[in-house]
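First residue of the sequence shown? That's 16 in my numbering, and the numbers climb one at a time after it. Where a beta carbon is used, it is the ideal one built from N, C-alpha and C, also for glycine. Everything numeric in this text was worked out from a predicted model, so none of it was measured. Everything on this sheet refers to the single structure shown next.
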Amino acid sequence: RVEAKLTEQHAVFEERDLRAVVLEQAAGEMAPDQALGIAREMVRDRRVLTLEGGRMTTLAVRAQEQAIERRTTQLAQPTDRDVGEIARDNAVREVAERIGGPLSPEQHDALAVLTGPERAAVLVGPAGTGKGVVIDAAARAEQHAGRETIGVAVSGSTAERLGTDSPALAGRTLTLDALVARANTGAIHVGRDTTVILDEAGMVDHKRLDALTGLVERSGAKLVTVGDGKQLPSIGPGGMFDRLTGHAPTVELADIHRTEDPAEQRAWQALRAGEPERAMAHYASRGQLHLSDTRD
């Protein structure tokens with residue numbers, strides 16, 4: 016029960032967390048000294064693994080991480096998945112017509128990486144950098160190359176928004192759990208001509224990412240993961256999105272397109288960099304930060 020709870024709630028934890036969970040699970044069943052003895056046994060038996068800096072993880076979590084990394088590395092090997100320049104050019108033209116302007120050079124570069132020859136690719140897209148435009152172009156290019164595209168996310172609202180922000184995926188989005196469940200029952204076909212685009216990948220926990228990468232590996236499909244490791248994390252054990260960038264072709268968007276105000280752009284960048292005081296000072300100076308003495 017201890018290992019299950021640690022695996023469910025934590026990717027990495029400290030020794031005091033292990034002791035706390037052990038004592039909680041043992042309440043009413045055994046003495047504290049007996050419970051802490053079990054904790055020591057778990058470390059000795061390597062069911063709980065000690066990491067650098069005195070932190071810990073469970074064997075189950077580490078096994079999931081290793082499986083995800085192994086699959087991603089394998090998927091990242093060049094194959095025949097490149098969509099070709101004609102498909103990319105057609106996609107760029109269609110998206111440019113939709114947004115009323117050309118894609119930026121960095122968006123062009125991102126499109127080339129996402130639609131390249133590998134079966135795995137990663138797009139790091141901070142807020143406001145136009146990742147929806149790149150996803151739309153990538154989905155269109157894959158479709159021009161004769162591939163079926165499916166957009167997924169952890170939450171239903173994010174999946175719906177993905178279809179709105181990237182019209183090429185309209186009507187082709189669902190939650191990650193739904194995709195895996197339906198693919199396993201044959202309700203949805205995922206095969207060599209399928210490209211799965213995972214949005215807000217930083218919110219995906221180990222269990223879901225393990226299931227998705229397993230599905231992609233055995234089906235022959237391609238996986239494009241999109242997100243930002245500095246934004247909202249997963250509820251369960253997570254943090255794998257940043258790790259994926261070291262195992263698959265990766266491109267990052269940096270130019271903010273949602274606003275042309277340099278001061279506003281700097282405020283967004285400060286928030287992402289973990290410097291909220293700079294951002295709040297900007298909003299206060301613009302009269303956009305309102306403080307009140309009551310909760311309402």
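Is it true that the CB of residue j sits closer than 8 Å to the CB of residue i?
{"i": "HIS10", "j": "GLN79", "result": "Because the chain is modelled from 16 through 311, residue 10 falls outside the range shown and cannot be assessed."}
{"i": "THR179", "j": "ILE83", "result": "no"}
{"i": "GLU67", "j": "THR94", "result": "no"}
{"i": "ALA174", "j": "THR188", "result": "yes"}
{"i": "HIS159", "j": "VAL98", "result": "yes"}
{"i": "ARG155", "j": "ALA183", "result": "yes"}
{"i": "ILE165", "j": "VAL211", "result": "yes"}
{"i": "VAL239", "j": "ALA136", "result": "yes"}
{"i": "VAL110", "j": "ASP151", "result": "yes"}
{"i": "VAL226", "j": "VAL195", "result": "This sequence places Ala at residue 226; Val is not what is there. Yes, the Cβ-Cβ distance between ALA226 and VAL195 is below 8 Å."}
{"i": "TYR298", "j": "ALA278", "result": "no"}
{"i": "ALA26", "j": "GLY254", "result": "yes"}
{"i": "ALA75", "j": "GLU39", "result": "no"}
{"i": "PRO264", "j": "GLY140", "result": "no"}
{"i": "VAL148", "j": "LEU138", "result": "no"}
{"i": "VAL169", "j": "GLU215", "result": "yes"}
{"i": "ARG96", "j": "LYS237", "result": "yes"}
Out of curiosity, what's the CA-to-CA distance linking residue i and residue j?
{"i": "GLN122", "j": "VAL219", "result": "24 Å"}
{"i": "THR72", "j": "LEU33", "result": "9 Å"}
{"i": "SER119", "j": "SER307", "result": "42 Å"}
{"i": "ALA198", "j": "VAL167", "result": "13 Å"}
{"i": "GLU56", "j": "GLN49", "result": "11 Å"}
{"i": "THR190", "j": "GLY244", "result": "20 Å"}
{"i": "ASP208", "j": "ARG162", "result": "5 Å"}
{"i": "GLU112", "j": "THR144", "result": "19 Å"}
{"i": "ASP311", "j": "LEU286", "result": "25 Å"}
{"i": "ASP192", "j": "ARG70", "result": "31 Å"}
{"i": "GLY235", "j": "LEU177", "result": "24 Å"}
{"i": "VAL37", "j": "GLY52", "result": "10 Å"}
{"i": "LYS146", "j": "GLN303", "result": "26 Å"}
{"i": "SER181", "j": "GLY116", "result": "16 Å"}
{"i": "ALA102", "j": "LEU126", "result": "11 Å"}
{"i": "ARG59", "j": "THR65", "result": "10 Å"}
{"i": "ILE114", "j": "ARG301", "result": "29 Å"}
{"i": "THR88", "j": "PRO47", "result": "44 Å"}
{"i": "GLU30", "j": "ARG62", "result": "14 Å"}
{"i": "GLN284", "j": "ALA142", "result": "9 Å"}
{"i": "ASN105", "j": "GLN246", "result": "32 Å"}
{"i": "LYS20", "j": "PRO252", "result": "11 Å"}
{"i": "GLU157", "j": "GLU23", "result": "36 Å"}
{"i": "THR309", "j": "PHE28", "result": "37 Å"}
{"i": "GLU267", "j": "ASP124", "result": "9 Å"}
{"i": "SER172", "j": "GLY186", "result": "13 Å"}
{"i": "ILE250", "j": "ALA54", "result": "24 Å"}
{"i": "ASP270", "j": "ASP276", "result": "12 Å"}
{"i": "MET45", "j": "ARG16", "result": "14 Å"}
{"i": "ALA296", "j": "HIS305", "result": "12 Å"}
{"i": "ARG233", "j": "GLY217", "result": "23 Å"}
Please list the terminal residues of the continuous alpha helix (DSSP H) segment that includes residue i.
{"i": "GLU39", "result": "30-41"}
{"i": "LEU189", "result": "Run containing LEU189: none in the alpha helix (DSSP H); it sits in the beta strand (DSSP E), 188-190."}
{"i": "ARG176", "result": "171-180"}
{"i": "LEU227", "result": "221-234"}
{"i": "GLN24", "result": "17-24"}
Which first and last residues belong to the beta strand (DSSP E) in which residue i is found?
{"i": "ILE165", "result": "163-168"}
{"i": "VAL205", "result": "Neither: VAL205 is in no beta strand (DSSP E) and is coded neither H nor E."}
At 3 residues or longer, and completely inside the stretch 240-295: list those beta strand (DSSP E) runs for me, N to C.
-> 265-267
Do the stretch 251-269 and the stretch 287-298 make contact, defined as three or more Cβ pairs closer than 8 Å?
-> no
Beta strand (DSSP E) runs contained entirely in the stretch 110-158, provided each spans 3 or more residues = 135-139
Could I get the ranges of all uninterrupted alpha helix (DSSP H) runs contained in the stretch 59-92, with 4 residues as the minimum, in chain order?
-> 74-90
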